[in-house]
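Peer 1: Please find one structure pasted underneath; my questions will follow.
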Amino acid sequence: MVKFFQQKCSYDYSWNTVSYAFLNRYPNPFATHVLTTDTLEHYVDAKTGELHITRLLRKTNSVPRWARSIMRGNDAYILEKVVIDTQLGKLVSKTRNITHTRLMKVEEKQTLAVDPLDCSRTICKNETSIVSSIGYGLNSRIENFSLSRFAENISKSRKGMLYVLDLAQRKGLFRQRLRMEQPVQQ
Numbered sequence: 011m012v013k014f015f016q017q018k019c020s021y022d023y024s025w026n027t028v029s030y031a032f033l034n035r036y037p038n039p040f041a042t043h044v045l046t047t048d049t050l051e052h053y054v055d056a057k058t059g060e061l062h063i064t065r066l067l068r069k070t071n072s073v074p075r076w077a078r079s080i081m082r083g084n085d086a087y088i089l090e091k092v093v094i095d096t097q098l099g100k101l102v103s104k105t106r107n108i109t110h111t112r113l114m115k116v117e118e119k120q121t122l123a124v125d126p127l128d129c130s131r132t133i134c135k136n137e138t139s140i141v142s143s144i145g146y147g148l149n150s151r152i153e154n155f156s157l158s159r160f161a162e163n164i165s166k167s168r169k170g171m172l173y174v175l176d177l178a179q180r181k182g183l184f185r186q187r188l189r190m191e192q193p194v195q196q
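Take any residue in the sequence shown, count from 1 to its spot, add 10: that is its number in the numbering used here.
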């Protein structure tokens with residue numbers, strides 16, 4: 011049986027700022043389990059103008075004692091595909107694990123969009139599905155454990171985003187970026 015998780019939140023920052031922070035969210039002290047982030051591909055779709063980015067993340071997590079005999083190591087590789095539509099003010103990130111799929115498959119979709127009521131804010135919607143098909147009567151146990159852990163980790167993820175947003179703002183990265191976007195007058 012598939013377990014689902016869904017949550018909405020908002021950030022008191024513009025969509026441009028949150029999108030920038032999302033793409034630069036690692037490293038941060040709330041995501042020490044993310045070991046590496048590598049960009050595999052990026053391109054702009056000539057027809058739509060959308061930016062497409064594919065990244066590979068390597069993460070580590072503590073494995074519960076009851077799962078140690080099933081898993082080989084605690085490192086996991088996650089494939090992330092991001093599509094950014096600057097015309098609509100929308101970023102969609104889809105991630106899925108590409109290791110430990112015999113144990114469970116986790117697919118996450120995160121959408122960042124301009125708040126239609128206040129363009130200085132960004133709406134974040136997270137939708138996740140977790141399914142285990144390992145059998146041996148463990149499916150439900152694995153799915154419930156993973157759902158519980160995911161719900162805990164989503165809170166850390168939000169704190170990490172806020173940390174990156176605050177850090178970038180304190181260092182003036184957003185102001186600097188805005189200055190670079192303005193035309194140079196001669």
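Think of the CB as a built atom: it goes at the ideal place given N, C-alpha and C, for glycine as much as any other residue. Computed from a prediction, not measured in an experiment: that's the story for all the values here.
Please return the same chain residues whose Cβ sits closer than 7 angstroms to the Cβ of H43, not counting the five positions on each side in sequence.
Peer 2: Answer for H43: K69, T70 and N71, listed in chain order.
Peer 1: Between the beta-carbon of V124 and the beta-carbon of K100, is there less than 9 angstroms?
Peer 2: Closer than 9 angstroms, so yes.
Peer 1: I'd like to know whether the C-beta atoms of K119 and A41 end up nearer to each other than 9 angstroms.
Peer 2: Not in contact: K119 and A41 (Cβ atoms no closer than 9 angstroms).
Peer 1: What residue range is occupied by the uninterrupted beta strand (DSSP E) comprising V73?
Peer 2: Note, V73: premise wrong, no beta strand (DSSP E); not H, not E.
Peer 1: Reducing DSSP to helix, strand and coil, say where F15 ends up.
Peer 2: Strand, per DSSP.
Peer 1: Determine which residues share a DSSP beta bridge with Q120 and list them.
Peer 2: DSSP, once it has assigned bridges, lists S103 and N136 as partnering Q120.
Peer 1: In three-state DSSP terms, what is S24?
Peer 2: It is coil, neither helix nor strand.
Peer 1: Using CA atoms only, rank isn't needed, just tell me which of Q17, I144 and L33 is closest to L61.
Peer 2: Among Q17, I144 and L33, the Cα nearest to that of L61 belongs to L33.
Peer 1: To test your reading of the DSSP string, which unbroken beta strand (DSSP E) runs of 3 or more residues are found completely within the region 147-171?
Peer 2: If we require 3 residues or more, the region 147-171 turns out to have no beta strand (DSSP E) run fully inside it.
Peer 1: Quick one: grab the DSSP three-state call for Y36.
Peer 2: In the structure shown, Y36 sits in coil (DSSP, three-state: anything other than H, G, I, E or B).
Peer 1: Could you name the residues that DSSP lists as bridge partners for Y53?
Peer 2: DSSP output for Y53 lists H62 as bridge partner(s).
Peer 1: State the beta-bridge partners of A86 as determined by DSSP.
Peer 2: The partner list for A86 (beta bridge, DSSP) reads K69.
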